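K.L.:
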Amino acid sequence: MTRRAVVVGTGHYLPQRVVENAEFEATLDTTDEWIRSRSGIERRHFAAEGETTSDMAAKAAERALADAGLTANDVDAIVVATSTPDLTFPSAATMVQSKLGMTRGFAFDVQAVCAGFVYALSNASALIASGQASRVMVIGAETFSRIMDWTDRSTCVLFGDGAGALLLEAQEQPGTNSDRGILATDLNSDGRYKDLLYVDGGVSTHTTGHLRMQGNQVFRHAVEKLASTANTALDRAGLSAADVDWIVPHQANIRIIQGTAKKMGLSMDNVVVTVQDHGNTSAASIPLALSVGKDRGQIKEGDLIVTEAIGGGLAWGAVVLRW
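Each number in this note's numbering corresponds to the 1-based position in the sequence shown with 331 added.
(1) For Trp365, which three-state DSSP category applies?
(2) Quick one: Cα of Glu356 to Cα of Ala494, how far?
(3) Terminal residues of the continuous alpha helix (DSSP H) containing Val637?
(4) Suppose you measure from the CA of Ala464 to the CA of Ser370; what does that come to, to the nearest Å?
(5) What residue from Gly512, Asp492 and Leu565 has the CA that sits closest to Ser414's CA?
(6) Quick one: give me the first and last residue of the beta strand (DSSP E) that Gly546 is part of.
(7) Between Ile409 and the rest of its own chain, which residues show a CB-CB distance below 6 Å, the 5 nearest in sequence each way excluded?
(8) With respect to the alpha helix (DSSP H) encompassing Leu499, which residues constitute its N-terminal and C-terminal limits?
(9) I need the straight-line Cα distance from Tyr450 to His541, nearest angstrom please.
(10) Output yes or no for whether 7 Å exceeds the beta carbon distance between Gly624 and Ala446.
(11) Exposed or buried, which one is Phe377 when buried takes at least 16 other CB atoms within 10 Å?
(12) Along the chain, where does the alpha helix (DSSP H) that runs through Leu518 open and close?
(13) What residue does the alpha helix (DSSP H) around Phe448 start on, and which one ends it?
(14) For the alpha helix (DSSP H) containing His609, name the first residue and the last one.
(15) Looking at the structure shown, is Glu583 part of a helix, part of a strand, or coil, going by DSSP?
(16) State the start and end residues of the unbroken alpha helix (DSSP H) segment that holds Val441.
(17) Can you tell me the Cα-Cα spacing of Asp407 and Ile366, whole angstroms?
(18) If we count the other Cβ atoms within 10 Å of its Cβ and call it buried at 16 or more, is Glu632 buried or exposed?
(19) Measure the alpha-carbon distance for Gln504 versus Gly512 and round it to whole angstroms.
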């Protein structure tokens, strides 16, 4: 028997304010058609004044707990993937721990930008496989609206805010690739490509910054690296793309999503797509899409799912799991 990290609850939260593409036309040289044609994005959500990353993360986690029929003190650990924490320290995860009323266990953040949730899932799976935790709440949450340069039409129209959560539970499985739970992961990074996607400020430089991106270069790396990491993770699980029920990708750009599916030899009918409604929510995009996909009735128990993402670093990776 093998100890697997199995998804037992999902939840997501989106801020109340919805920003349609047309809203940018008043301040930028852009149009709804321009944004849709280049990204597939139609709208996104922006956090309210005073609404923080940990606020959204806690609401998503509460919904995941309710979905699982569990309480905060049934959880051993919280891992929050975010690049936009409330404060430099403490971690957003410990703030979520407090907001949930969780008085035991441990909590920490993972920072790998848009690949953050894949990194967090991999860490959570390792905690469960090693016996250090039996239940781990894994959350992706971002307030990217706080780091946008509102004069840069190439970036500010692409991003949104939100949070998604998965509750993982240790379960004994037979030890085959038919098991439920996380079956394989693949993580990568290459710091040589830092200048392709970054924020031009930070604590040790005593500056505040905005997101900067060389979109064409990121696109070029994305399709190749996402398909490659997904296939590597599938190979480690002893599976292939033909076995996949759903790709649940990082929701950055519909053209990247389409290109990755094509490179893997899969139809868009096998892809959960939410980018049109959420924009790029960075580390929140995969758990948001998983939760929405489950709510839509797309994702069902027993389905084989591949999640993959790429973000600043560059950092990228994939997770293969059976729902």
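Cβ atoms here follow ideal geometry from the backbone N, Cα and C, with glycine treated the same way. Quick caveat: nothing in here was measured; it's all calculated off a predicted structure.
P.N.:
On the basis of the supplied data:
(1) The count along the sequence shown starts at 1 and reaches residue 365 at position 34. Here Trp365 sits in helix by DSSP.
(2) Within the sequence shown, residue 356 is the residue found at index 25, counting from 1. Within the sequence shown, residue 494 is the residue found at index 163, counting from 1. Cα-Cα distance, rounded: 27 Å.
(3) Counting from 1 along the sequence shown, the entry for residue 637 is found at position 306. Looking at the DSSP string, Val637 is not in any alpha helix (DSSP H); the run it does join, the beta strand (DSSP E), is Leu635 to Gly642.
(4) On the sequence shown, position 133 is the one that residue 464 refers to. On the sequence shown, position 39 is the one that residue 370 refers to. Approximately 39 Å between the Cα atoms of the pair.
(5) Locating residue 414 in the sequence shown gives position 83, counting from the first residue. Measuring from the Cα of Ser414, the nearest candidate turns out to be Asp492.
(6) Position 215 of the sequence shown, counted from the start, is the residue given in the question as residue 546. Where Gly546 is concerned, there is no enclosing beta strand (DSSP E), although the alpha helix (DSSP H) it sits in stretches over Gly546 to Arg567.
(7) Taking the first residue of the sequence shown as position 1, residue 409 is located at position 78. Closer than 6 Å at Cβ, skipping near neighbours: Ala424, Val427, Gln428, Ala438 and Met468.
(8) Residue mapping note: residue 499 aligns to position 168 of the sequence shown, counting from 1. It is not in any alpha helix (DSSP H) - Leu499 instead sits in the beta strand (DSSP E) that spans Asp492 to Gln504.
(9) For this step, residue 450 is matched to residue 119 along the sequence shown. For this step, residue 541 is matched to residue 210 along the sequence shown. Approximately 24 Å, taken between the alpha carbons.
(10) For the purposes of this step, residue 624 is taken as the residue at position 293 of the sequence shown. For the purposes of this step, residue 446 is taken as the residue at position 115 of the sequence shown. The answer is no: Cβ separation not under 7 Å.
(11) As a first step, residue 377 must be located in the sequence shown, where it is residue number 46. It counts as buried.
(12) Translated into the one-based positions of the sequence shown, residue 518 becomes position 187. Taken as a continuous stretch (DSSP letters only), Leu518 belongs to no alpha helix (DSSP H), being part of the beta strand (DSSP E) at Gly512 to Ser520.
(13) Counting from one through the sequence shown, the residue named residue 448 turns up at place 117. Note, Phe448: alpha helix (DSSP H), Gly447 to Ala460.
(14) Here residue 609 corresponds to residue number 278 of the sequence shown, with the count starting at 1. Per DSSP, His609 belongs to the alpha helix (DSSP H) from Val606 to His609.
(15) Translated into positions along the sequence shown, residue 583 becomes position 252. The question names Glu, yet the displayed sequence has Ala at residue 583. Coil at Ala583, not helix or strand.
(16) In the sequence shown, the residue the question calls residue 441 occupies position 110. From DSSP, Val441 is part of no alpha helix (DSSP H) but of the beta strand (DSSP E) over Phe437 to Val441.
(17) Numbered from 1 along the sequence shown, position 76 holds the residue referred to as residue 407. Numbered from 1 along the sequence shown, position 35 holds the residue referred to as residue 366. So the two alpha carbons sit approximately 42 Å from each other.
(18) Taking the first residue of the sequence shown as position 1, residue 632 is located at position 301. With fewer than 16 Cβ atoms within 10 Å of its Cβ, Glu632 is classed as exposed.
(19) Stepping through the sequence shown from its first residue, residue 504 is reached at position 173. Stepping through the sequence shown from its first residue, residue 512 is reached at position 181. Roughly 9 Å separates the two Cα atoms.
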